[in-house]
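Read the structure below first, then the notes.
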Amino acid sequence: MPYTYPPDQKTYYEQVWELARQVPHGKVATYGQLAQMIPAPKDIDPKDYAALGSRWVGNALAACPVDVPWQRVINSQGQISKRPGAEKQRHLLEQEGIVFIRDRIDLQTYHWHTSEQMDDPTQGQLF
DNA sequence: CGCTTGACCGGAA
DNA sequence: ATTCCGGCCAAGC
Numbered sequence: 006m007p008y009t010y011p012p013d014q015k016t017y018y019e020q021v022w023e024l025a026r027q028v029p030h031g032k033v034a035t036y037g038q039l040a041q042m043i044p045a046p047k048d049i050d051p052k053d054y055a056a057l058g059s060r061w062v063g064n065a066l067a068a069c070p071v072d073v074p075w076q077r078v079i080n081s082q083g084q085i086s087k088r089p090g091a092e093k094q095r096h097l098l099e100q101e102g103i104v105f106i107r108d109r110i111d112l113q114t115y116h117w118h119t120s121e122q123m124d125d126p127t128q129g130q131l132f
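For the first sequence, this note's numbering gives the first residue as 6, with consecutive numbering after it.
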């Protein structure tokens, strides 16, 4: 399994933490989403960044300072990535009012998005 | 020094 | 729905 780290790990991690801090209480972001919001490091092929960025975000959160609401970042399936401590994360999110259905949360309801983000075509397309 | 082990994701079969 | 694949590094034992 290929596994890389950003060229300037410290700088990259701080960008991740800064974004994570902006996720509001009761909302969630995904690893891939945060990766997309950070520009690809200069020396990295955009193709490689697209493939690996989400893992870098995960690594950054694994080493985040206490003031980062790490629990609000989950995987693209709307699930908490399997690992020790996963139950704690679920508990924290439930305390924020997020409801889990069969270990999964409804991203349509809880997904955080900024005004910049024009994704989610299923949202707002009526009839 | 040489393994082992990682908070991921989208596309294809 | 499910499994498989590519991405090709570095910290910690």
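Each residue gets a CB set at the ideal place from its N, CA and C atoms; glycine is no exception.
| query | result |
| --- | --- |
| Q76 and L112 look like a contact to me (Cβ under 8 Å); what is the Cβ gap, rounded to whole Å? | At roughly 15 Å, the Cβ-Cβ gap does not stay under 8 Å, so Q76 and L112 are not in contact. |
| When DSSP builds the beta bridges, which residues end up paired with I49? | The partner list for I49 (beta bridge, DSSP) is empty, contrary to what the question assumes. |
| Under a three-way DSSP split, which group does V1 fall into? | Shown here, the chain extends from 6 to 132; a query on residue 1 therefore has no answer. |
| Check R60 in the structure and name its three-state DSSP category. | helix |
| H96: buried (16+ other C-beta within 10 angstroms of its C-beta) or exposed? | exposed |
| Taking the alpha helix (DSSP H) that G37 belongs to, which residues open and close that run? | Y36 to M42 |
| Return helix, strand or coil for R109, following the three-state DSSP convention. | strand |
| According to DSSP, is V21 part of a helix, a strand, or is it coil? | helix |
| Is it the case that the region 25-39 contacts the region 65-80, given that we only count it when at least three CB pairs across the two stretches are under 8 Å? | yes |
| Residues in its own chain within less than 6 Å of Q94 by CB, not counting five upstream and five downstream? | Q76 and I85 |
| Are the Cβ atoms of A45 and H116 separated by less than 9 Å? | no |
| With 16 as the cutoff for other CB atoms within 10 Å, does S120 come out buried or exposed? | exposed |
| Do the region 40-57 and the region 16-25 touch if we need at least three Cβ pairs shorter than 8 Å? | yes |
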